[in-house]
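Some notes on the structure that comes next.
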Amino acid sequence: MTALAVSTEHAPLQARRVSFDWTRTPLHWVPDDPFATHMINVLHLLLPAGERWFVDVYKQALPLVRDARLREDMIGFIGQEAVHSQAHSTVLDHMIAQGLDPSPYTAQMDWFFEHLLGDHTAPPAATAWWLKERVAIIAAIEHFTAVLGKWVLEARGFERFGADPVMVDLLRWHGAEEVEHRSVAFDVYQHVDGRYGRRMRAMTTVFPTMFWLWVRGVKFFIANDPQLTPAQRKALEPKIKDWVRAAKAELVPSPKEIFTAVPRFMRKRYHPTQEGSTAKALAYLAGSPAARAAAEQAEAATRPLQLVVAERREAAQGVAELVLSSTDGAPLPTWEPGAHLDLLLPSGLVRQYSLCGDPADRDTYRIGVRLTEDTRGGSKEVHETLTAGASVSAHRPRNRFPLAPGAGPRFFVAGGIGITPILPMVRESAARGSDWRLLYIGRSRTSMPFLDEITALSDAEAQSGDSGESRVTVVETDVEGLPDLSWALEAAPHGAVVHVCGPEPLMEAVVTTLAELRPGVEARLERFHPAEGAAHGDTVQVELRRSGTTLTVPADRSVLSAVRERLPDVAYSCEQGFCGTCKVRVLGGTPEHRDDLLTVEERADSMLICVSRSQDGKLVLDL
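First residue of the sequence shown? That's 1 in UniProt numbering, and the numbers climb one at a time after it.
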């Protein structure tokens, strides 16, 4: 009776933005047991693509859900699944660094979920049928993730056999959230369709497919494990006896736990509250190192950093270079190449500036700010007021423009002050041993900040390399005119990821040229301003839930401007979808996102009301 009361209690779902440090995690994270290691490692092969697919399907299914609480749970579920996908992807990057490349298998998983189970052009009735089929498939898969979540919270073999604590925390954090949201997928299916026959069809498809993929995944890992000898690989080919042995040690779930899960799901009166305990899941999440760190970081992120301008220099004509340190001398929060600071200027303006210093330096941040007269005053205020010794506040670094993982080839394009996020990326690429090239464009050398640092780095690499060729191409447009992007991008290293930061015309030109010359090449963009596209569109009905107000936003106005007429204290800054200050939680309706800022999981339950609108003509906002 007590267990039933615990399992049915409802907890609001939240996406915990965890991170894990894999630097000390060995390839065989269960010591001396590669079979158990790789049997669990299959999760890292299946989940990144699978959970991205969950998110895509549920975003399509959201308009079908009318129940307010279920919709809230669904939005929380989407956020959690997006974070799960990202977390497991970081393990794959760590495997690559250890000499085990999972990409042949993960490429198949990408095809499986994106193409086989993805969207297909079909008449409306067939499209609706396919959406319900996929919602049923997710309910069946989530049944097994709940079973695995319950098992991992209770298994104690990892401690007995000295398994890596970081990996164990990842598994238990994920398992706890699977138990926490174990009813959502089933309830969504019951809400949008609920037919028993479709539920049974989904399970009879899902179980053998998952079992087959899991066995293939174990075989793949063992066959490609660089730390195993050929004889060990042959001996470790998956066998039932090895599974039973690892299960008895509580290192993997037992065959009985997996196989008996199928008939439970097939009972007509089945409900996922029978799987696991919400109380146990929340108890683990309260103590999980990763979840606690995420909660602390989220709380700390609301408190601005108090900084002082330790040094101010002229980096180029019209460009102020500011070196910032904490007022109390405490170490500054960490950041990675591509990150930026939100400066809270004395006037109240919030402006974003890319960090261009050394991420290993915890004592200072470095930014470059070009004076631009035709803007809304941010750069002018920086140049006039942030002199040496001046105080300024800032939010913690955020990264919407990350450097691609691994040591693969890189091609960088920087236009003017766009060199600021590119500079630490170039340094990091050189440190990784990547094959990198940079096209740096500016009016004149005197106007191009940090050109000496870039040139010195290129010269050092050229002297140490075989070819002696410079990795940097500098184009002075006042002298040479606009660069030939076709020539530059054709000369990019084979397989390079292209990172671009600069004015909007440059961004558009690079994207267009890449599409024509090298379709399929990945391009990562950091704009000074969001992509072109007004905040206007069709008329939108907006309900402000907490205020008890409904308003009509005409086609020629932004949602932000209409909301501020009723709620003048609503925060905003750039009005261009760039800074994120106006982000609002969405309780109803389907946003039409027009920003380049929000992540996938943020878009599931939030929007930037300065530029984004609605796909279905209505929005319910948490205001």
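All C-beta atoms in this analysis are idealised placements derived from N, C-alpha and C, irrespective of residue type, glycine included. Model, not experiment: these values are computed from the prediction.
A Cβ-Cβ separation of about 35 Å leaves Phe401 out of contact with Arg566 under the 8 Å criterion. Going by C-alpha positions, Met607 is about 44 Å away from Ile222. The beta carbons of Arg545 and Val620 sit closer together than 7 Å.
About 26 Å separates the Cβ atoms of Asp569 and Ala555, ruling out a contact at the 8 Å cut-off. Look at Pro591 here: in three-state DSSP terms it is strand. When secondary structure is reduced to three states using DSSP, Asp342 falls in the strand class. Cβ-Cβ distances below 7 Å link Leu485 to Ala509, Val510 and Thr513 in the same chain, with the five nearest sequence neighbours on each side left out; the list follows chain order. For Leu324, the secondary structure class from DSSP, reduced to helix, strand or coil, is strand.
DSSP lists Arg437 and Val498 as the bridge partner or partners of Phe411.
Counting the other CB atoms within 10 Å of its CB gives Ile609 a total of 16 or more, which places it among the buried residues. The segment 204–211 makes no contact with the segment 124–131, as fewer than three CB pairs between them are under 8 Å.
Nearest neighbour of Gly79 by Cα position, chosen from Leu171, Val498 and Val184, turns out to be Val184.
The residues Val57 and Leu117, in chain order, have a CB closer than 7 Å to that of Arg134 in the same chain once the five nearest residues on each side in sequence are set aside. One alpha carbon belongs to Pro503, the other to Arg443, and they sit about 13 Å apart. Between Pro421 and the set Phe450, Gly406 and Asp435, the nearest pair of CA atoms involves Phe450.
For the 7 Å CB-CB criterion, Phe113 and Trp53 form a contact. Straight through space, the alpha carbons of Thr37 and Ser277 are spaced by roughly 26 Å. Around the C-beta of His28, 16 or more other C-beta atoms lie within 10 Å, and the residue is accordingly described as buried. With contacts defined as CB atoms closer than 7 Å, Leu45 and Thr106 qualify as a contacting pair.
With a cutoff of 7 Å on beta-carbon distance, Val472 and Pro483 are scored as not near each other. Between Phe412 and His494, the alpha-carbon positions lie close to 14 Å from each other. Secondary structure note for Lys59: its alpha helix (DSSP H) is the uninterrupted segment Pro34 to Ala61.
Three or more beta-carbon pairs separated by less than 8 Å link the segment 390–397 to the segment 327–336, which places the two stretches in contact. Trp243 and Ile258 have their C-alpha atoms some 12 Å from each other. DSSP places Gly76 in the helix class (H, G or I) of the three-state scheme.
Spanning the alpha carbons of Leu438 and Ala97 requires a straight line of approximately 25 Å. For Ala163, the closest C-alpha among the options Thr25, Lys256, Asp119 and Asp93 is that of Thr25.
Boundaries of the alpha helix (DSSP H) harbouring Tyr196: Tyr196 to Asn224, taken from the DSSP string. Per DSSP, Gln232 is one residue of the alpha helix (DSSP H) stretching across Pro230 to Ala235. Annotated as proximal: Ala414 and Cys501, with beta-carbon spacing under 7 Å. Secondary-structure assignment with DSSP links Ile367 through a beta bridge to Leu322 and Leu355. Between Ser458 and Ala316, the gap from beta carbon to beta carbon reaches 7 Å or more. Closest option to Val192, judged by alpha-carbon separation, among Leu371, Glu480, Arg71 and Val553: Arg71.
For Met607, the uninterrupted beta strand (DSSP E) segment begins and ends at Ser606 to Leu608. Within the same chain, and ignoring the five residues on either side of Glu575 in sequence, the residues whose Cβ sits closer than 6 Å to its Cβ are Cys610. If only complete runs of 4 or more residues are kept, the segment 261–292 shows the alpha helix (DSSP H) at 261–266 and 278–287, in order along the chain.
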